[in-house]
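Student: If you scroll down you'll find the structure; I have some questions about it.
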Amino acid sequence: MPDRASTVLRGVAEDEAVLVVNAGSSSLKMQLLPQRQHVHIERIGESGPGGGPGVADHGEAFRIALARLREQAPSVRLLACGHRVVHGGEHFREPVLIDDSVQEVIRQLNRLAPLHNPAGLAGIEAARSELSDIPHVAVFDTAFHASLPEQAYLTGLPYEYYTDHGIRNYGFHGTNHDHVSRQAAGLLGRHRDELSLITLHLGNGASAAAVKHGRSFDTSMGFTPLAGLLMGTRTGDLDPGIILHLLADGKSLLELDQLLNRQSGLKGLSGRSNDMRDLRRAAAAGDRRARLAITVYAYRVKKEIGALAAAMDGLDAVVFTGGIGENDAAIREEILQGMDWLGIELDNERNLAGNSLVSTATSRVAVLVVKADEEGLIAEQTLAVLRAAGAA
Ligand code: ADP
């Protein structure tokens, strides 16, 4: 087993739990912590197997998932419910206890994140009505990036687009960038406040963050989670002129949305799959486009490391996390190849063995692999909010 650290919930009895709710546009993940019992419901709002009735909406999905969790853990008493919400805008800079007015502000933020926030809101509505006797806390994907300096969050649009329309870079995956940067500092035996770290969240979605002295200093995602690195099905950064060109060519908004968010990235380049494991197999069997997709993917991450190291005026460690970052030793090697001039030396044996520390003893910059644990951090932050409010 890899020796990676994970989250622990302090002060929670064996028969107590925090319920973490992570609602996606057509899925719902729920987990009890610290027990780690979990349920994942997919294809919400679609027909069931064989065209039969499926799960109608997030409300029904929540009730089904809760019933399953109660079967799995009948004697557990719920202390609180922590909700993952993608977009907190500029309003929510940290986790918050949910009441009707908070729920209303989250609803207003749907405007900024129409693809992502409505699901989080639906999860909150369902959970607050089914579990009205426990406190609910919202934990925002954007919150850790609230510390971005102006130079990082402003776009090149006229300033009024920021002041009047809220158009700026917000950054996402903040909960996990926060979590793995803390874990990395712990593994190095250092304080996060004295380190310059680059955290690479490489899952289906992918983002990089510069965590300087404990705060998010820049990040690759922007106004939406479409920006930055190449992803499973998303383009990441691309010349905005291409969008104008496609619009002029007659593509509709909906078609563009599908193209940029769902048909591009690893899937679009390979013409095969958004799953890195499939691409590895195909590339090993000689598939040129699968190999090309992986090469572009690694190149974009490498360039981002260079950019963020320059932005922070230095670098102490690079941290890999997410399904690809944690499990694909070859991608770590491809990304970091030739970066010894920057002080990054990968130890091939450690890398293949899947250790937490995968750099050589002489590497000036440490390279670490840390397991993503959004749920663990959401549970921790939920309890912290309640303790601060005197409610737990
Ligand atoms: P999400 O962003 O949906 O939470 P994950 O963090 O689970 O996604 O990452 C999913 C990605 O991780 C997929 O591309 C999958 O192929 C990749 N992955 C998982 N295990 C491995 C592995 N052993 N080797 C390479 N890629 C892997």
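Under our numbering, think of the first position of the sequence shown as 1, with each following residue one higher. Each residue gets a CB set at the ideal place from its N, CA and C atoms; glycine is no exception.
1. Within the present structure, is the beta-carbon of Y298 separated from the nearest heavy atom of the ligand ADP by less than 8 Å?
2. I believe G82 touches V20 by the beta-carbon criterion, under 8 Å. Please report the beta-carbon distance rounded to the nearest angstrom.
3. For the pair the segment 341–359 and the segment 229–249, tell me if three or more CB-CB distances fall below 8 Å.
4. At a cut-off of 8 Å, is D141 close to the ligand ADP when judged by its beta-carbon and the heavy atoms of the ligand?
5. Tell me the DSSP bridge mates of G82?
6. Quick check: is any heavy atom of the ligand ADP less than 8 Å from the C-beta of L229?
7. Using DSSP with H/G/I as helix, E/B as strand and the rest coil, what is M30?
8. According to the Cβ coordinates, are L395 and L368 closer than 9 Å?
9. Could you give the uninterrupted runs of the alpha helix (DSSP H) lying entirely in the segment 231–284, keeping only those of 4 residues or more?
10. Between which two residues does the beta strand (DSSP E) carrying D100 extend?
11. Looking at the C-beta of G228, does it have a partner C-beta in chain B at a distance below 9 Å?
12. Does the separation of the CB atoms of A372 and P34 fall below 9 Å?
13. Enumerate in chain order the residues of its own chain whose CB-to-CB distance from T382 is below 6 Å, with the five nearest sequence positions on each side excluded.
14. How many angstroms separate the CA atom of L154 from the CA atom of L202?
15. Would you report the Cα separation of L315 and R93, rounded to the nearest angstrom?
16. Kindly list the residues whose CB is nearer than 6 Å to the CB of E375, restricted to its own chain and excluding five residues on each side of it in sequence; keep chain order.
17. Return helix, strand or coil for L157, following the three-state DSSP convention.
18. Just confirm the distance between the C-beta atoms of A184 and A317, as a whole number of angstroms; I'd bet it's less than 8 Å.
19. If you run the structure through DSSP and keep just helix, strand and coil, what is T142?
20. Along the alpha helix (DSSP H) that carries K302, what are the first and last residues, could you check?
21. Given 8 Å as the limit, tell me if I331 has its C-beta closer than that to any heavy atom belonging to the ligand ADP.
22. Since I believe L112 is in contact with S216 (beta carbons under 8 Å), could you give me their beta-carbon distance rounded to a whole number of angstroms?
23. Can the beta-carbon of N169 be found less than 9 Å from the beta-carbon of M231?
24. Please state whether DSSP places H58 in a helix, a strand or coil.
25. Of the residues R63, F62, G50 and G45, which one's Cα is nearest the Cα of A56?
26. Touching or not, the segment 281–298 and the segment 243–261, by the rule of three or more beta carbon pairs under 8 Å?
27. What are the boundary residues of the alpha helix (DSSP H) that includes A208?
28. Grouping DSSP H, G and I as helix and E and B as strand, with all else coil, what is L200?
29. From which residue to which residue does the alpha helix (DSSP H) around V76 run?
30. Output the distance between the C-alpha atoms of L256 and S264, rounded to the nearest integer angstrom.
31. If you run the structure through DSSP and keep just helix, strand and coil, what is V319?
32. Assuming A206 and T219 form a contact by the criterion Cβ under 8 Å, report the distance between their Cβ atoms to the nearest whole angstrom.
33. Nearest by alpha-carbon distance to E104: which of P95, E125, E90 and L115 is it?
34. In its own chain, which residues sit with a C-beta less than 8 Å from the C-beta of L386, not counting the 5 before and 5 after it?
35. My output table needs one value for R4: the three-state DSSP class, helix, strand or coil.
Tutor: Result, derived from the coordinates:
1. In the sequence under discussion, the amino acid at residue 298 is Ala, which differs from the Tyr named in the question. A298: no, Cβ never under 8 Å from the ligand ADP.
2. 5 Å
3. no
4. no
5. V20 and V137
6. no
7. strand
8. Only positions 1 to 392 of the chain appear in the structure, and residue 395 is not among them; the question remains open.
9. 240–248, 253–262, 265–270 and 276–284
10. D100 -> not in any beta strand (DSSP E); alpha helix (DSSP H) instead, spanning D100 to Q108.
11. Looking for chain B here will not work: only one protein chain is present.
12. no
13. V18, A80, G82 and V137
14. 25 Å
15. 26 Å
16. V20 and Q31
17. coil
18. 6 Å
19. coil
20. R288 to M312
21. yes
22. Going by Cβ atoms, the distance from S216 to L112 rounds to 18 Å, so no, they are not a contact pair.
23. no
24. helix
25. G45
26. no
27. From DSSP, A208 is part of no alpha helix (DSSP H) but of the beta strand (DSSP E) over A206 to K212.
28. strand
29. From DSSP, V76 is part of no alpha helix (DSSP H); its letter is neither H nor E.
30. 11 Å
31. strand
32. About 11 Å separates the two Cβ atoms, so there is no contact after all.
33. E125
34. L79, A80, L97, P135, V137 and A392
35. Low confidence applies here, because R4 scores a pLDDT of 37, under 50, leaving its location unreliable; read the following figure in that light. Looking at R4 - three-state DSSP - the assignment turns out to be coil, as it is neither helix nor strand.
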